[in-house]
Structures are given as structure tokens and as C-alpha cells.
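Enquirer:
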Amino acid sequence: KFLFEFLVIQHKKGYFIDCEKNQINELFKQLSLYKLRSSVQILNLSNEFVVAALSYEKFKSMEGSKDQLGFTLKYREDPILLDPRNKKLGARLVINLEKLYLSLKKLDLKSTKHEEYYNLSFELGIAQQNTDKLKNKIFGIECNFDELNAIDFKKGCYIGQENTSRIKLKNKLTKRLLPIKVIEGDISAGQSIFIEKTEIGKVLIDKNYPFAVIKHTSEKFNFDLIFKINNATIRIIKPKWLNLN
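Everything in the sequence shown is counted per the working numbering, starting at 4 for the first residue and increasing by one.
(1) Suppose you measure from the CA of isoleucine 162 to the CA of lysine 108; what does that come to, to the nearest Å?
(2) Would you give the residue range spanned by the beta strand (DSSP E) that histidine 14 belongs to?
(3) Drop a sphere of 10 angstroms on the beta-carbon of phenylalanine 214, count the other beta-carbons inside from all chains shown, and report buried for 16 or more, exposed for fewer.
(4) Using a 10 Å radius around the Cβ and a threshold of 16 neighbouring Cβ atoms, would you call isoleucine 186 buried or exposed?
(5) Could you tell me whether the segment 225-239 touches the segment 157-171, using the rule of 3 or more Cβ pairs below 8 angstroms?
(6) Alpha carbon to alpha carbon, what distance is there between glutamate 51 and proline 82?
(7) Starting from glutamate 126, trace the alpha helix (DSSP H) in both directions and tell me its first and last residue.
(8) Evaluate glutamate 252 with the Cβ neighbour count: other Cβ atoms within 10 Å of its Cβ, from every protein chain shown; 16 or more gives buried, anything less gives exposed.
(9) Does the structure place the segment 122-141 close enough to the segment 73-82 that three or more beta carbon pairs sit under 8 angstroms?
(10) Does the Cβ of serine 124 have 16 or more other Cβ atoms within 10 Å, making it buried, or fewer, making it exposed?
(11) From Tyr104, Gly93 and Ile27, pick the residue whose C-alpha is nearest to that of leucine 298; which is it?
(12) Please classify phenylalanine 226 as buried or exposed, where buried requires at least 16 other C-beta atoms within 10 Å of its C-beta.
(13) Looking only at its own chain, which residues have a Cβ that is under 6 angstroms from the Cβ of serine 191, when we skip the five neighbours before and after it?
This is the structure we're talking about:
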């Protein structure tokens, strides 16, 4: 089941792990458990380093860049990664906080509100906030990781590999994490979504940028339907990049 979502970015002799801010401490503890006796240092550098998001167009204009998901170039030893999930999310610069504003100026970048980036991510149908509400409630493949360059079906063995492969290869992928458009009212995490008396989904993320796990293979379901949940009216949105065949 889903535990955490993060990006791994090579940097000098180690790796940065780029994750949602409110999950840093829990992820740090979890990775420390897996460390055992390995000769590996796991450091919480969240007070020293930050992530800046650059537009896809800006990344393409930079010398040495490639239009390739996950491609990483260096800017003064700091990594800039074209988001491996979807290039429309742009690139991510991981940089020491003390160098951030000078680097933004030299790159001719203007600071904007965080909401602009998260609005874009939601419009694309990619959940990046409050993902802790997905923990242990949904499989990674149901989070669309197979479509977001996050699952390797050729890799031999990893935790959850058997379940993940079975779901994919035996066409048992019946549910997907999909964005919700709230037309009216308020929704809450845990609320069920029905067509007539048949439950076809459940709200998992309710605040700011809501998502639900939806049984899209149900014969009764289609993306034109409007749903009523208590005092709320909602619609389920299909991301353009998502292949449901």
C-alpha cells in the first residue's frame, strides 16, 4: 500500500529525497528503520535546503537541458530535475536556502505564490498535497504511479512487487485516484460516492485539492456524471495523460 511519495535526486556523493513538507519527519524515521547496519547516513536537511519550481519552458531554455523526463542538469553544483512524473509540472531546483534568492535572480526567475504551482498540479490531476491521507488506503499503482514514471515492471524484486505486477498483468486495475471538482458544498475524507445504491468510490483527500479513489471500470460510471454527497455536488475529472484502457 501507499506510504510516501518522493523524488530521488542525485547530488555529489549522495542523494536528495524531495517529499511533501508535512511528511519529512515521518519519512526520516521510516528510512532510519530500514537502514539497519548499512554504512549509510540519513540526514534531515529540510532546514538548510529548499525546492524551487521552474516552468517547463524555462528548463528547456537552459544550456545543457534535454526534453526528457527526469533529466537532471547542474546549476552551480545544484541539481535541476525535469519532473519525472509529467513535464508540464516543470523542473525542480534543490538548493541551499542561503543561495536561493541570488540564484533566482541570476536565472532571471520571479518568485510567485505556491498556490500557482499546486493549482497547476491539480489541473493536471497529480496529487501533491495532503498525500498522508492516502497512507495504507490505496496501492501505488492505483495512485497512477504506473502512468507517472514511478513503477518499473521490469525490475526483479521490491516491496509490493508481486501485488503490483499481478494487478497490472491480470487486468485487475479497477480503481484509480482521480481529482474531484467540487461544484457546490463541502466534502470530507472518507465519504463514499454512489451511483444509485452502488458505491463506486471514496473521498481520500478533501482539503484544498480533493481526490477520490474511483472504480472507473464500473458499467454505471462515466466522467459526465454529477454526484451528490450529503450537501455537496461534485464531478470526477479524468486527467488528459491518464490511460484507462
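Every residue, glycine too, gets a C-beta built ideally from N, C-alpha and C. Computed from a prediction, not measured in an experiment: that's the story for all the values here.
Expert: Straight from the coordinates:
(1) As a position in the sequence shown, residue 162 is number 159, starting the count at 1. As a position in the sequence shown, residue 108 is number 105, starting the count at 1. In this structure, the CA atom of isoleucine 162 is about 43 angstroms from the CA atom of lysine 108.
(2) Residue numbering aside, residue 14 sits at position 11 when the sequence shown is read from its first letter. Residues 9-14.
(3) As a working note, residue 214 is residue 211 in the sequence shown. Answer is buried; the Cβ neighbour count reaches 16.
(4) Start at 1 with the first residue of the sequence shown, and residue 186 comes out as number 183. Classification for isoleucine 186: exposed.
(5) The segment 225-239 vs the segment 157-171: no contact.
(6) Taking the sequence shown and counting its residues from 1, one reaches residue 82 at position 79. Taking the sequence shown and counting its residues from 1, one reaches residue 51 at position 48. Each residue's Cα considered, the two are about 15 angstroms apart.
(7) Sequence index remark: in the sequence shown, residue 126 carries index 123 (1-based). That run of the alpha helix (DSSP H) goes 117-127.
(8) In the structure displayed, the chain extends from 4 to 248; residue 252 sits before or after that span and is not available.
(9) Segments in contact, no.
(10) For the purposes of this step, residue 124 is taken as residue 121 along the sequence shown, with counting starting at 1. Flag for serine 124 reads buried.
(11) Outside the displayed range of the chain (4 to 248) lies residue 298, so it cannot be described from this structure.
(12) As a working mapping, residue 226 is identified with position 223 in the sequence shown. Result: exposed.
(13) Taking the sequence shown and counting its residues from 1, the one referred to as residue 191 is at position 188. In its chain, beyond the 5 residues on either side, Asp209 have a beta carbon closer than 6 angstroms to the beta carbon of serine 191.
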